[in-house]
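Residue numbers (full-length UniProt numbering): 1 to 532.
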């Protein structure tokens, strides 16, 4: 059977398929999970490093139970998922002689968590829509060490659509608003005559690890199709709102920034989801004074408006609706809007959604479990049809601006696996050129990028304005840039090599390089992503 993990910025959810009841159920991990009123068992995505060399860490609710999240301690990490696979500007601590990176914190968190559960034959993990290949590549490396035969990944919004169980022939918009990211995905769920015995030729989802064992599937089972029509993501989440509230409290009460104050800001935010006014008592350890902190929904609304919160939400909604329109789908055809993630429980966010859609269309009854439960559908007869969220391109020298630019070769929206490769001819640029180098990159959206950096001990994300697109190079290293060694050396004036670019069914960018002079194949279906 299968286990699914929704690794979240604020909380993590684990679910298991119950073969008796034929339903997904949320797993409570003793010591790590916390059960709150009206909420399922959630595992706080927290890590405290006791000894980095020995990889001794404390994770989940145990961190809070021991009060390790309240001190200004470089050994405490929260919201670390946001930094995985992303260039970070700022201070990264060195603990016990080990330089700590967010990828290491994430690895320790997942590894220690999985030690506490009985792994099944199959594991499904979920990823944000806006994650770059560096994040997926990290996840692939981590899962190779797990004692599980098969590992797949699925986009979080697509899993949420399956988890809500909205039925066949439904076009649903998933608004996944968690602690670190906002992901919107328009998903078509429909029945399809796909026989299970053919699935080995087209593995479900994006495969990270595939062992020798086989799934116990019934040959008569018919698969459903979950087809992604449009999707967009933004590095904005509940943790940003916590920091905004903290800044307001500091200005209003003359307080000093602290982790305990940010924790209270989060509690005030949560209270406002069910009441018009929230209050908390704060004890300032430096001044030994107590403060009765108060925040109203009206004040919270002003904080959000001052930070251009709703303008950012409008931009991402417009992006998804425009993508859908290019596919011949308009807003009136959307049957349901499914809200996922803790931030979706904020009344102001729900009001924003209802500004676009009728209230009867909007559902928010499974904000925490929908993703993990839906991910399990990958082994229950669901097949995915998806497209690339990012473009792929090659780097070139712009003589006019005297800087590097990026030329797209595979556009976002391209379905995969590609039926036909993209061809590019290249020649030598100098006499007796011994090699040809090419830097490939994964291109972000042109609406601007996201800058992630440190402000003291706070991990901050900021949306960049302008039309500069963010780029993640895939092979920009001394050994990986060379795609063709030329023998004999190249001379200018003629095409020397032909490069074929292809995205396979597992979402890897591959290249084939042919030497036109010698009729030799220099690279054959090489995976570029793993070069980074």
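Beta carbons are placed, not taken as given, at the ideal position from N, Cα and C, and that holds for glycine. Small disclaimer: the values here were computed from a predicted structure and weren't measured.
Buried or exposed: residue 281, going by 16 or more other Cβ atoms within 10 Å of its Cβ? exposed
Assess, as a yes-or-no matter, whether the region 298–309 is touched by the region 318–333 under the definition of 3 or more beta carbon pairs within less than 8 Å. no
Just tell me which of 48, 299 and 66 has its CA closest to the CA of residue 59. 48
For the alpha helix (DSSP H) that residue 239 lies in, which residues bound it at each end? 238–253
Closest to residue 244 by CA distance: which of 63, 300, 231 and 272 is it? 300
Take residue 534 and list the residues in its own chain whose beta-carbon comes closer than 7 Å to its own, dropping the five residues that flank it on each side. Look at the range of the chain in this structure, 1 to 532, and you will see that residue 534 is not part of it.
With a CB to CB cut of under 6 Å and the five nearest residues on each side skipped, what residues in its chain are close to residue 262? 242 and 246
Just mark residue 475 as buried or exposed, buried being the case when its beta carbon has 16 or more other beta carbons within 10 Å. buried
So, under 8 Å CB-CB, residue 496 and residue 505 are touching, yes? Tell me the CB distance rounded to an integer number of Å. Actually they do not touch by this definition, with Cβ atoms about 31 Å apart.
On a CA-only basis, which of 237, 56, 500 and 166 is nearest residue 512? Give me that one, please. 500
Separation of residue 239 from residue 53, as counted between CA atoms: 29 Å
Across which residues does DSSP place residue 485 in a beta bridge pair? 435
Taking 8 Å as the cut-off, decide whether the C-beta atoms of residue 338 and residue 230 are in contact. no
Where residue 264 falls: helix, strand or coil (DSSP): helix
Can the beta-carbon of residue 514 be found less than 8 Å from the beta-carbon of residue 340? no
Residue 111, DSSP secondary structure in three states: helix
My assumption, with CB atoms under 8 Å, is that residue 119 sits in contact with residue 147. Please give the rounded CB distance. 6 Å
Mind checking which residues open and close the alpha helix (DSSP H) that includes residue 62? 61–65
Supposed close pair residue 336, residue 361 - CB separation, criterion 8 Å: 6 Å
In its own chain, which residues sit with a C-beta less than 6 Å from the C-beta of residue 342, not counting the 5 before and 5 after it? 238
CB-CB under 7 Å to residue 523, same chain, minus the five flanking residues each way: which ones, in chain order? 483, 511, 512 and 513
Using CA atoms only, rank isn't needed, just tell me which of 165, 409, 403 and 478 is closest to residue 436. 478
Considering only DSSP beta bridges, list what residue 77 is partnered with. 47
Assumed close pair residue 13, residue 44 - CB separation to whole angstroms, cut-off 8 Å: With 8 Å as the limit, residue 13 and residue 44 do not qualify as a contact, their Cβ atoms being about 11 Å apart.
Residues that DSSP places opposite residue 170 in a beta bridge: 189
Taking only the alpha-carbon atoms, compute the straight-line gap between residue 122 and residue 414 and give it to the nearest angstrom. 29 Å
Beta-carbon contacts of residue 200 that lie in its chain and below 6 Å, excluding the five residues immediately before and after: Note that residue 200 scores 31 on pLDDT, short of 50, meaning its location in the model is unreliable and no value can be drawn from it.
Here's the rule: buried if 16 or more other CB atoms are within 10 angstroms of the residue's CB, otherwise exposed. What is residue 396? exposed
Once you ignore the five residues that flank residue 377 on each side, which residues in its own chain have a CB closer than 6 Å to its CB? 162
Between the alpha carbons of residue 268 and residue 72, how many angstroms are there, rounded? 21 Å
For residue 80 and residue 407, the rounded distance between their alpha carbons: 32 Å
Does residue 288 pass the burial test, meaning 16 or more other C-beta atoms within 10 Å, or should it be called exposed? exposed
What's the gap between the Cα of residue 259 and the Cα of residue 227? 42 Å
Close Cβ partners of residue 455 (< 6 Å) along its chain, the five nearest in sequence each way excluded: Its pLDDT being 49, under 50, residue 455 is placed unreliably by the model, and the measurement read from it follows with that caveat. There are no such residues.
Taking only the alpha-carbon atoms, compute the straight-line gap between residue 518 and residue 487 and give it to the nearest angstrom. 8 Å
CA-CA distance, residue 439 and residue 405? 11 Å
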